[in-house]
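A.B. asks: Take this structure first; my questions come after.
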Amino acid sequence: MLKAQINVHFIASLIIFLGILAYTIYFLLTFNPEYRQRAEENILYAKAYQISEFLIKDSGVPLGWNSSEYKRVGLAATPYLLKKSKIEELKKICNSGNESEIKKLLESFGLEDKGFEIYINYLNGTNLVNCSFGYMGKKARIKRIASLNNAFVEVIVDVS
Amino acid sequence: MLAKGFIRVVEAILLSLVLLAFFLPNILSELPRYKIEDWGNVAGYVICNDLLNSLDAGNYFDSLLVPDKKNPHQSYKKNMEILKNITEKAFPSVIDFEYEIKNVPNFSISIRISSSCSLPSEIFEANYLPIEMHKNSRPLSSLFSDNYSVYVVCGNANLSKYEDEIFGLLSEGKGIVLIRNFNSQPDYLTKELFQINYTPGGFSSGNIIFNNLSNLNTARIAKRFVSNIIRVKAPGGSGIINLGSNTYFFNISAGQCVNISGSGCQCLYENDSCVLGSANITIYRVSNQWFEMRLSSSGANRRNYIFSDSYLRTVKINKYTVLSSSDGTRSLANARVLENYPYETAPRLFWMYDFNKTKDDLKLLLKTAIIWASGEHFFVFNKNIPKSSEYCEHYYYGLNGNNIPFVVRLFYWGY
Numbered sequence: 001m002l003k004a005q006i007n008v009h010f011i012a013s014l015i016i017f018l019g020i021l022a023y024t025i026y027f028l029l030t031f032n033p034e035y036r037q038r039a040e041e042n043i044l045y046a047k048a049y050q051i052s053e054f055l056i057k058d059s060g061v062p063l064g065w066n067s068s069e070y071k072r073v074g075l076a077a078t079p080y081l082l083k084k085s086k087i088e089e090l091k092k093i094c095n096s097g098n099e100s101e102i103k104k105l106l107e108s109f110g111l112e113d114k115g116f117e118i119y120i121n122y123l124n125g126t127n128l129v130n131c132s133f134g135y136m137g138k139k140a141r142i143k144r145i146a147s148l149n150n151a152f153v154e155v156i157v158d159v160s
Numbered sequence: 001m002l003a004k005g006f007i008r009v010v011e012a013i014l015l016s017l018v019l020l021a022f023f024l025p026n027i028l029s030e031l032p033r034y035k036i037e038d039w040g041n042v043a044g045y046v047i048c049n050d051l052l053n054s055l056d057a058g059n060y061f062d063s064l065l066v067p068d069k070k071n072p073h074q075s076y077k078k079n080m081e082i083l084k085n086i087t088e089k090a091f092p093s094v095i096d097f098e099y100e101i102k103n104v105p106n107f108s109i110s111i112r113i114s115s116s117c118s119l120p121s122e123i124f125e126a127n128y129l130p131i132e133m134h135k136n137s138r139p140l141s142s143l144f145s146d147n148y149s150v151y152v153v154c155g156n157a158n159l160s161k162y163e164d165e166i167f168g169l170l171s172e173g174k175g176i177v178l179i180r181n182f183n184s185q186p187d188y189l190t191k192e193l194f195q196i197n198y199t200p201g202g203f204s205s206g207n208i209i210f211n212n213l214s215n216l217n218t219a220r221i222a223k224r225f226v227s228n229i230i231r232v233k234a235p236g237g238s239g240i241i242n243l244g245s246n247t248y249f250f251n252i253s254a255g256q257c258v259n260i261s262g263s264g265c266q267c268l269y270e271n272d273s274c275v276l277g278s279a280n281i282t283i284y285r286v287s288n289q290w291f292e293m294r295l296s297s298s299g300a301n302r303r304n305y306i307f308s309d310s311y312l313r314t315v316k317i318n319k320y321t322v323l324s325s326s327d328g329t330r331s332l333a334n335a336r337v338l339e340n341y342p343y344e345t346a347p348r349l350f351w352m353y354d355f356n357k358t359k360d361d362l363k364l365l366l367k368t369a370i371i372w373a374s375g376e377h378f379f380v381f382n383k384n385i386p387k388s389s390e391y392c393e394h395y396y397y398g399l400n401g402n403n404i405p406f407v408v409r410l411f412y413w414g415y
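Protein sequences appear in the order of chains L and C.
At position 39 of the first sequence the residue is numbered 39 (our numbering), and the sequence of numbers has no breaks.
At position 203 of the second sequence the residue is numbered 203 (our numbering), and the sequence of numbers has no breaks.
In structure tokens form, the structure reads like this:
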């Protein structure tokens, strides 16, 4: 006659087994240095890609933003077609040297505790914008292509 | 009792370790497969897509794929050099690339024509988009033996005799244009390829229209017809325009403008338009010995152009019919894309009745059909694309407002 009861030893065994299994997986995930490094890089790349999307596809907030009044910076007139006047405004922010302005720009991209660089160059190498703020040790770089005044530019975003 | 339980727990721990030893290799092998984006590979795809989108945003293909009409050859070479430079600078220097374009005519089209064809030279002389058309004539028996973009066959040929050669060419994406009337049931291959539904009938004359402009096949040809151009020759500075059922005398003034008698229009310079009957003409280029024009309907729908000619009422309309008698029962031209081939190289077939070769509008229609049948597919730099290459693609609305969508695929390799 079978009893409708679970053996307490079976429960203890199962708990011990699952515990060891969970601990091992946690251990492997946490202490596999390569995996951990790649996961961190992944986050940095995702951030850099997100910023590059704002820059080349978005017009910014508000639409007619300028260096003294903006919620988010975007350089596009329409996606992939950049506006020279907006690039000039970004340049003003970058060259301001004002710490609160720079902090505001970082925050607008959701980069409170990170460093970043933005380069905008014509494909022939002529530099238009050179922005660099914060720690730039290990970094992720995304290069995008867009159009500006019948020419092509590369928009490079580094995040650390 | 306690010792017994304790031993069971020890047993359980031992079993756990055994099971773990068994599963550990599987867990370890799964770890590297856990999805973390390889941004090194993504970088190439991002640049590829950005480049095609930027080319679209700035309408660059409107100038790159449309050579200058005064010196198309040099202009095309220069444009492709610009495209190459842009792409080289966008990608890292170790990356090689190739562009594949579908639905834009190749700059150079080779046309193999059967000796039985007697086609006016204007059909091969000027075009929009400005391209080069190289024609070569051969008897039907050796027509399909060499590699050309499109083959033109005229008269009562039995194509079934060349079935193997024809299917070989079709599998390579080549097109065939057939110009003939049908007095009897055609051979099975002609009937099958060009979808000829023969029915006995006699001659008739009158208006000829595009059959159902909302039909995809008809729209394909009609769009190209209204954006293309035809040259009208003026030996000695004057000549005749044959449009629909009307003829108009004209003379060219100082190689600058075209005076059309009875039109009510001023002397027409480049880009000037004039309504002649139900047709609207727009001058494209003028010289001392010829001028070139676009044709469209003067009605609300510019593609709804009305031709006029004598024709044999022996082919019933079907879903491939692009040109029909005005009563809509007889087909005068069928256009067909063989869909069972890959999209890029799907062969195109066009049949047209044996029309009056003095009619400028019908000449323009045949020219348009030949270019369409050439496949409108090419690789810009003719490079060998390795199997390891990656690609991105982008759909464009058309060139300079012609509303003919085209696809550009950018291959890249070397990452």
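Cβ atoms here follow ideal geometry from the backbone N, Cα and C, with glycine treated the same way.
Any beta carbon of chain C sitting closer than 8 Å to that of N127/L?
C.D. replies: No, N127/L does not count as interfacial toward chain C.
A.B. asks: Give me, in chain order, the residues of the same chain whose beta-carbon lies closer than 6 Å to that of L83/C; leave out the 5 immediate sequence neighbours on both sides.
C.D. replies: Here the set comprises L64.
A.B. asks: How do the region 373-391 of chain C and the region 201-214 of chain C stand: do at least 3 beta-carbon pairs fall below 8 Å, yes or no?
C.D. replies: No, because fewer than three Cβ pairs between the region 373-391 of chain C and the region 201-214 of chain C fall closer than 8 Å, the two stretches do not touch.
A.B. asks: Which value, in whole angstroms, describes the spacing of the CA atoms of E88/C and K359/C?
C.D. replies: Computed Cα separation, rounded: 48 Å.
A.B. asks: Could you confirm whether any beta carbon from chain L is found closer than 8 Å to the beta carbon of A90/C?
C.D. replies: True, the Cβ-Cβ gap to chain L drops below 8 Å.
A.B. asks: L90/L and V129/L - do their beta-carbons sit closer together than 8 Å?
C.D. replies: The answer is yes: Cβ separation under 8 Å.
A.B. asks: Can you check whether the C-beta of I145/L is within less than 8 Å of a C-beta belonging to chain C?
C.D. replies: Chain C, which has a Cβ nearer than 8 Å to the Cβ of I145/L, makes this yes.
A.B. asks: With a cut-off of 8 Å on the beta carbons, I'd call F10/L and S16/C a contact; round off their distance for me.
C.D. replies: The pair is not a contact, with the Cβ atoms about 13 Å apart (cut-off 8 Å).
A.B. asks: At a CB-CB cut-off below 8 Å, which residues of chain C make contact with A140/L?
C.D. replies: The contacting residues are W39.
A.B. asks: To the nearest whole angstrom, what separates the beta carbons of A234/C and Q289/C, a pair I think is in contact under 8 Å?
C.D. replies: The Cβ separation is near 6 Å, so the contact holds.
A.B. asks: Is DSSP giving A290/C helix, strand or coil here?
C.D. replies: For the record, residue 290/C in the displayed sequence is Trp; it is not Ala. Strand at W290/C.
A.B. asks: Assuming the contact rule is C-beta atoms closer than 8 Å, G299/C and S278/C should be a hit. Round their C-beta distance to whole Å, please.
C.D. replies: About 7 Å separates the two Cβ atoms, so the contact holds.
A.B. asks: Measuring straight from C-alpha to C-alpha, what distance separates E165/C and F144/C?
C.D. replies: Answer to the nearest angstrom: the Cα atoms are 6 Å apart.
A.B. asks: Do the region 340-351 of chain C and the region 168-185 of chain C touch if we need at least three Cβ pairs shorter than 8 Å?
C.D. replies: Yes: the two stretches touch, three or more of their Cβ pairs being nearer than 8 Å.
A.B. asks: Between Y95/C and chain L, is any beta-carbon pair separated by less than 8 Å?
C.D. replies: Going by the sequence as given, residue 95/C is Ile instead of Tyr. Closer than 8 Å: no.
A.B. asks: The beta strand (DSSP E) that contains R348/C, what's its start and end?
C.D. replies: Run containing R348/C: R348 to M352, per the beta strand (DSSP E) assignment.
A.B. asks: When the Cα of G202/C is compared with those of R313/C, Q266/C, L276/C and S287/C, which residue comes out closest?
C.D. replies: For G202/C, the nearest C-alpha among the options comes from R313/C.
A.B. asks: Is S132/L close to chain C? Criterion is C-beta to C-beta, closer than 8 Å.
C.D. replies: For S132/L, the answer is no, since every Cβ of chain C falls outside 8 Å of its Cβ.
A.B. asks: With the cut-off set at 8 Å, would you say I283/C and D272/C are in Cβ contact?
C.D. replies: Taking 8 Å as the Cβ cut-off, I283/C and D272/C qualify as a contacting pair.
A.B. asks: Please give the ranges of any beta strand (DSSP E) in the region 113-159 of chain L, keeping only runs that are unbroken, at least 3 residues long and fully inside the region.
C.D. replies: Runs found: 116-122, 127-133, 140-148 and 151-159.
A.B. asks: Which runs of the beta strand (DSSP E), 3 residues or longer, sit entirely within the region 232-297 of chain C?
C.D. replies: Those beta strand (DSSP E) runs which fall completely within the region 232-297 of chain C and span 3+ residues are 238-243, 246-253, 257-260, 273-276, 279-286 and 290-297.
A.B. asks: Near K357/C, what residues of its chain come up, given a Cβ to Cβ distance below 8 Å and the 5 sequence neighbours on each side ignored?
C.D. replies: Same-chain partners within the cutoff: S118, L119, P120 and K363.
A.B. asks: Of all the options Y99/C, K70/C, P92/C and H377/C, which has the alpha carbon lying nearest to the alpha carbon of E81/C?
C.D. replies: Considering only alpha carbons, the answer is Y99/C.
A.B. asks: From L323/C to Y305/C, what distance separates their C-alpha atoms?
C.D. replies: Answer to the nearest angstrom: the Cα atoms are 10 Å apart.
A.B. asks: Go ahead and label R36/L buried or exposed: buried means 16 or more other beta carbons lie within 10 angstroms of its beta carbon, across all protein chains shown.
C.D. replies: Per the 10 Å Cβ criterion, exposed.
A.B. asks: Under a three-way DSSP split, which group does S149/C fall into?
C.D. replies: Three-state DSSP puts S149/C in coil, outside helix and strand.
A.B. asks: Are the CB atoms of I145/L and D68/C within a distance shorter than 8 Å?
C.D. replies: Contact flag unset, no.
A.B. asks: Can you tell me whether DSSP reads T321/C as helix, strand or coil?
C.D. replies: Here T321/C sits in strand by DSSP.
A.B. asks: Should V9/C be labelled buried (16 or more other beta-carbon atoms within 10 Å of its own) or exposed?
C.D. replies: Exposed: under 16 other Cβ atoms inside 10 Å.
A.B. asks: Can the beta-carbon of N334/C be found closer than 8 Å to that of Y320/C?
C.D. replies: Against a cut-off of 8 Å, the Cβ pair of Y320/C and N334/C comes out as a contact.
A.B. asks: Could you tell me whether any Cβ in chain C is nearer than 8 Å to the Cβ of Y26/L?
C.D. replies: Cβ-Cβ to chain C under 8 Å: no for Y26/L.
A.B. asks: Let me confirm a value: A126/C is counted as buried when at least 16 other C-beta atoms fall within 10 Å, else exposed. Which label applies?
C.D. replies: A126/C should be labelled buried.
A.B. asks: Only counting the same chain, and skipping five residues up and downstream in sequence, which positions put a Cβ closer than 6 Å to that of N158/C?
C.D. replies: These residues qualify, in order along the chain: D187.
A.B. asks: Quick test of your reading: K130/C and S374/C, contact by CB under 8 Å. State the CB separation rounded to the nearest angstrom.
C.D. replies: Reading off the sequence, residue 130/C comes out as Pro, not Lys. Contact flag wrong, Cβ pair sits at about 15 Å.
A.B. asks: Got a sec, what are the start and stop residues for the beta strand (DSSP E) G175/C sits in?
C.D. replies: Where G175/C is concerned, the enclosing beta strand (DSSP E) stretches over G175 to I179.
A.B. asks: What do you get for V54/L, buried or exposed, if any count of 16 or more other CB atoms within 10 angstroms of its CB means buried?
C.D. replies: For the sequence presented, residue 54/L should be read as Phe rather than Val. It is buried - the Cβ of F54/L has at least 16 other Cβ atoms within 10 Å.
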